[in-house]
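Visitor: Handing you a structure now.
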Amino acid sequence: MRILVTGAAGYIGSHTTLELVESGYEVMCIDNFSNSISDGKGHAVSLLRVSELVGEPIPFQECDVCNLEQLDAVFSKGNFDGLVHLAALKAVGESVDKPYEYYSNNIIASLNLIKMCQKYNVKNFIFSSSATVYGVPKELPLTEECQTGLGITNPYGQTKYMMEQILIDVGKANPEWNIILLRYFNPVGAHPSGRIGEDPKGIPNNLMPFVSQVAIGKLPVLTIFGDKWDTPDGTGVRDFIHIVDLARGHVKALDRIQREGHVGIEVYNLGTGTGYSVKEMVAAFEKASGRKVATEVGQVS
Numbered sequence: 001m002r003i004l005v006t007g008a009a010g011y012i013g014s015h016t017t018l019e020l021v022e023s024g025y026e027v028m029c030i031d032n033f034s035n036s037i038s039d040g041k042g043h044a045v046s047l048l049r050v051s052e053l054v055g056e057p058i059p060f061q062e063c064d065v066c067n068l069e070q071l072d073a074v075f076s077k078g079n080f081d082g083l084v085h086l087a088a089l090k091a092v093g094e095s096v097d098k099p100y101e102y103y104s105n106n107i108i109a110s111l112n113l114i115k116m117c118q119k120y121n122v123k124n125f126i127f128s129s130s131a132t133v134y135g136v137p138k139e140l141p142l143t144e145e146c147q148t149g150l151g152i153t154n155p156y157g158q159t160k161y162m163m164e165q166i167l168i169d170v171g172k173a174n175p176e177w178n179i180i181l182l183r184y185f186n187p188v189g190a191h192p193s194g195r196i197g198e199d200p201k202g203i204p205n206n207l208m209p210f211v212s213q214v215a216i217g218k219l220p221v222l223t224i225f226g227d228k229w230d231t232p233d234g235t236g237v238r239d240f241i242h243i244v245d246l247a248r249g250h251v252k253a254l255d256r257i258q259r260e261g262h263v264g265i266e267v268y269n270l271g272t273g274t275g276y277s278v279k280e281m282v283a284a285f286e287k288a289s290g291r292k293v294a295t296e297v298g299q300v301s
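If you want it as C-alpha cells, here you go:
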C-alpha cells in the first residue's frame with residue numbers, strides 16, 4: 001500500500017513513518033514545519049534521520065494541509081491507497097488561549113483531506129484522535145465503549161471529538177471506506193537508536209521533554225502542578241504509552257485493513273491501561289539517565 005502521512009516530521013509522525021517503512025509500506029510524507037525542523041533545503045531533519053535508520057530515502061514535500069491547492073498537488077501525483085492523518089495543533093493549554101487557531105487549523109485541515117480522498121478515490125483513512133474525547137470520565141479504565149463528547153475541557157479535545165463525528169458521518173455516507181480512529185493516551189520516549197525523539201520548538205508542553213531539558217540544564221526546574229491529588233503519591237496520574245508502541249498501532253490499523261479488505265468504521269484506544277504518576281515518571285527518568293531533575297510544586301490553575 002502507498003500511504004500519505006500528514007504531520008510526518010513531528011514526534012509521532014517521524015516514529016510512525018519509520019515503523020511503516022520497516023513494515024513494508026510505501027510512504028509519502030508531508031509537513032509544514034509548524035512544530036518540526038527543516039534542514040534549510042526543503043527537507044525535514046527528523047525524516048532525514050529516519051532515512052538513515054531505514055537505509056532508504058523518505059519521500060517528503062513541504063505542504064500545509066490547510067492549503068487546498070498545495071494538498072491537491074500532492075494528491076494529484078500521489079496515487080495513494082491510504083492516509084495516516086497526524087497533522088494538527090496539539091497543545092492543550094495553548095488551545096485554551098488560541099481557540100480560533102485550533103478550530104480553524106484542525107477542522108479545516110481534516111476537511112481538506114476528506115475532500116481530496118473523495119476526489120482521488122482514497123478510501124482508507126487512519127485518524128490521529130485522542131483520549132481527550134472522553135472528557136472527564138465517569139468510569140475507569142476507559143474503553144472504546146465509554147461515552148465521548150461530554151465534559152471535554154479544552155478546544156484541542158473538542159476538535160478531535162468533532163473530527164471523529166465528521167469522519168463517522170463520512171463513513172456512513174460512504175460505506176466502502178475504511179476509517180479507523182486511534183485515540184491516543186500520552187506518548188513518551190524515543191526510538192531505541194536515540195536518533196529521533198520528542199524535541200519540540202519552544203517550551204515543551206509534555207512532561208518528558210520538559211524533564212529532559214531540566215536534566216541537561218536547558219530549563220531550571222520542573223513545576224509539578226499539585227501534590228494533593230487523590231493518587232498514591234499526590235501527583236497527577238496518566239496513562240503513558242511508549243512512542244514506538246503507539247507508532248506501531250498505525251501499522252496494525254493498516255495491516256488490519258489489508259488483511260480484512262473492509263472494516264468500515266472502527267475505534268481503538270492506544271494506551272497501556274496502567275497509570276503512572278508524575279513523580280514515578282521523574283524517578284524512572286533519573287534512574288535511567290543518572291541525572292537528577294529539580295522539581296517544585298506549583299499551584300493548580
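According to full-length UniProt numbering, the stretch in the sequence shown is residues 1 to 301, in order.
Glycine included, C-beta positions come from ideal geometry on N, C-alpha and C.
In the DSSP assignment, the beta strand (DSSP E) including Phe127 goes from what residue to what residue?
Guide: Here the beta strand (DSSP E) through Phe127 covers 124-130.
Visitor: Decide if Ile37 is buried, meaning its Cβ has at least 16 other Cβ atoms within 10 Å, or exposed.
Guide: Answer is exposed; the Cβ neighbour count stays below 16.
Visitor: Taking Cβ positions, are Leu181 and Glu164 nearer each other than 8 angstroms?
Guide: Yes, the Cβ-Cβ distance between Leu181 and Glu164 is below 8 angstroms.
Visitor: By Cβ distance, which residues of its chain are closer than 7 angstroms to Ile114, with the 5 residues on each side in sequence left out?
Guide: Correct list, in chain order: Val170.
Visitor: From Leu167, Ala294, Lys119, Cys146, pick the residue whose C-alpha is nearest to that of Asp81; which is it?
Guide: Cα-wise, what sits closest to Asp81 is Lys119.
Visitor: Start and end of the alpha helix (DSSP H) containing Pro141?
Guide: Note, Pro141: premise wrong, no alpha helix (DSSP H); not H, not E.
Visitor: Along the chain, where does the beta strand (DSSP E) that runs through Thr6 open and close?
Guide: From DSSP, the beta strand (DSSP E) with Thr6 extends over 2-6.
Visitor: Classify Gly78 as buried or exposed, calling it buried when 16 or more other Cβ atoms lie within 10 Å of its own Cβ.
Guide: Looking at its Cβ environment, which holds 16 or more other Cβ atoms inside 10 Å, Gly78 is buried.
Visitor: Applying the criterion that 16 or more other CB atoms from any shown protein chain within 10 Å of the CB defines a buried residue, is Ser212 buried or exposed?
Guide: Ser212 is buried by the Cβ-count criterion.
Visitor: Using 8 angstroms as the Cβ pair cut-off and three pairs as the minimum, do the segment 103-114 and the segment 25-32 touch?
Guide: In short, these stretches do not touch, since the Cβ pair count stays below three.
Visitor: Report yes or no: do the segment 5-25 and the segment 240-260 share at least 3 C-beta pairs separated by less than 8 angstroms?
Guide: Because the criterion of three Cβ pairs below 8 angstroms is met, the segment 5-25 and the segment 240-260 touch.
Visitor: Which residue from Glu52, Gly194, Leu53, Glu62 puts its Cα closest to that of His43?
Guide: Measuring from the Cα of His43, the nearest candidate turns out to be Glu62.
Visitor: For Ser212, name the three-state secondary structure that DSSP assigns.
Guide: Three-state DSSP puts Ser212 in a helix.
Visitor: For Leu4 and Gly10, I'd like the C-alpha separation in whole angstroms.
Guide: Those two C-alpha atoms are separated by around 14 angstroms.
Visitor: Whole angstroms are fine: how far does the CA of Tyr102 sit from the CA of Val92?
Guide: Roughly 10 angstroms between the two C-alpha positions.
Visitor: Please confirm whether Val188 and Phe240 have their CB atoms less than 8 angstroms apart.
Guide: Closer than 8 angstroms, so yes.
Visitor: For Phe127, which residues from the same chain have a beta carbon less than 8 angstroms from its beta carbon, with the 5 sequence-adjacent residues on both sides left out?
Guide: So the list reads His85, Ser110, Met163, Glu164, Leu167, Ile179, Ile180, Leu181, Leu182, once near-sequence residues are dropped.
Visitor: Helix, strand or coil for Leu219, going by three-state DSSP, please let me know.
Guide: It is coil, neither helix nor strand.
Visitor: Can you tell me the Cα-Cα spacing of Ile243 and Pro155, whole angstroms?
Guide: About 24 angstroms.
Visitor: Is the segment 286-299 in contact with the segment 204-223, if contact means three or more CB pairs nearer than 8 angstroms?
Guide: Touching, yes, given that three or more Cβ pairs across the two stretches are closer than 8 angstroms.
Visitor: So which of Gly234, Val74, Asn67 has the shortest CA-CA distance to Pro59?
Guide: The residue with the shortest Cα to Cα distance from Pro59 is Val74.
Visitor: Please classify His242: does DSSP put it in a helix, a strand, or coil?
Guide: Looking at His242 - three-state DSSP - the assignment turns out to be strand.
Visitor: Does the distance from the CB of Met116 to the CB of Leu71 come in under 8 angstroms?
Guide: Yes.
Visitor: Exposed or buried, Lys160, counting other C-beta atoms within 10 Å across all chains shown (16 or more means buried)?
Guide: Counting Cβ neighbours within 10 Å, Lys160 comes out buried, since at least 16 surround it.
Visitor: Counting along the chain, where does the beta strand (DSSP E) carrying Asp31 start and finish?
Guide: Where Asp31 is concerned, the enclosing beta strand (DSSP E) stretches over 26-31.
Visitor: Which first and last residues belong to the beta strand (DSSP E) in which Pro187 is found?
Guide: Run containing Pro187: 186-188, per the beta strand (DSSP E) assignment.
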